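Below you'll find the structure, written out as structure tokens, and then a few comments.
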Amino acid sequence: MYNPTPAVFDPHHAVVVDENSRSSTASYASSTSTDSGVNGFEGWQKAGATEYNNTALRVDGPGPSPELRKTLDAYAQLANATLLTAMELGTVIIITNAETGWLPLTCAKFLPSLLSTVNSIYHTSARSTYEPQGFASAFDWKDQAFRHSIASHFSEVPFVPGRRRCVISLGDSAHERMAAIYACREFNEQSMIDSSSPAGLLCKSLKFMERPDLEHLRKEQYLIQDCLAQVVRYDQDLDLCIQPQQCLVKDDIHGNQSSRMQQQQQQY
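Yeah, the sequence shown ends on 402 if you go by the numbering used here, and it's all consecutive.
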């Protein structure tokens, strides 16, 4: 696997993480869970519950068994390392479609060692913010949240000639992938009009598997930790997708083949 060289924090890079299913107990939902329509797990999230090996876990229910606690603690360390890796490379923003409070509550109960890191990162509920404003769909919530977060962040980071700025989206649904693409496109179009940032933003999306089991989750975390620095340094748009048996680098967003980044397949 790729072993990144040490990286230095750069505010010109924004890493936007969908935390619905990476650093919460929703990560452990079994592959047979039913899709309730919002990022795959929204019905459980609204009820404050998730599922592990077909056993319901609730924020307001009993804590995990000692055996499950050990499993969760081990995964929390991996997820924490992933977030810390991202924080070394740029500004991390967590956007979730779960309602306000769900993320810290689930971390506190099921992944307590992760809570400190999560609380140190700006995180927001796209749903709680934009549903009251009349936006009805899960995509609309993410779309609005990405547009606002990206515009807000880069308005505070001065443009430096010769320095490319980028947004990296990490998440398990098509919602954040498309939200990142649309938000960067809108930002770049507006920048060209304003002549404030001719170089614009690079958009790099890494889409996770939508219904991974625990073993795939572990391997996803290792893969992200190994390749994220390379993704940041790559000087074109990227559109990547992790599959159950391989990591595929898809065509870039503009339909061109990514010629300078090898399509390395990471066999699970």
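Ideal Cβ placement from N, Cα and C applies to all residues, glycine included.
Note that the coordinates shown come from a computational prediction; the quantities given were computed from them, not determined experimentally.
Closest in alpha carbon position to residue 302, among 293, 289 and 316, is 316. DSSP places residue 319 within a helical segment (H, G or I) once states are collapsed to three.
With 16 or more other CB atoms across the displayed protein chains lying within 10 angstroms of its CB, residue 346 is buried. Put simply, the backbone Cα of residue 223 is about 7 Å away from that of residue 363.
Look at residue 256 here: in three-state DSSP terms it is strand. In this structure, 319 is the residue among 328, 206, 199 and 319 with its C-alpha nearest to the C-alpha of residue 277. Residue 305 and residue 151 do touch by the CB rule: their CB atoms are close to 7 Å apart, below 8 Å. If you draw a 10 Å sphere on the C-beta of residue 355, you find 16 or more other C-beta atoms in it, and that means buried. Annotation for residue 148: the continuous beta strand (DSSP E) segment containing it runs 147-152.
Judged by their CB atoms, residue 311 and residue 371 are not nearer to each other than the 9 Å cut-off. Taking the CA atoms as reference points, residue 196 sits about 34 Å from residue 274.
Secondary structure remark: continuous beta strand (DSSP E) runs of at least 3 residues inside the segment 213-289, in chain order: 225-230 and 256-259.
Beta-bridge pairing by DSSP links residue 305 to 341. Bridge pairing for residue 299: 335 [DSSP]. Secondary structure at residue 328: helix, using DSSP grouped into helix, strand and coil.
Under DSSP, the beta-bridge partners assigned to residue 373 are 339. At the C-beta level, residue 217 and residue 251 come within 9 Å of one another.
For the options 378, 368 and 335, the alpha carbon positioned closest to that of residue 292 is the one of 335. In the DSSP assignment, residue 365 falls within the alpha helix (DSSP H) that extends over 348-367.
Apart from the 5 residues on each side of it in sequence, residue 259 sits with its Cβ closer than 7 Å to the Cβ of 230, 232, 233 and 234 in its chain, given in chain order. Note on geometry: alpha-carbon atoms of residue 246 and residue 253 lie some 11 Å from one another.
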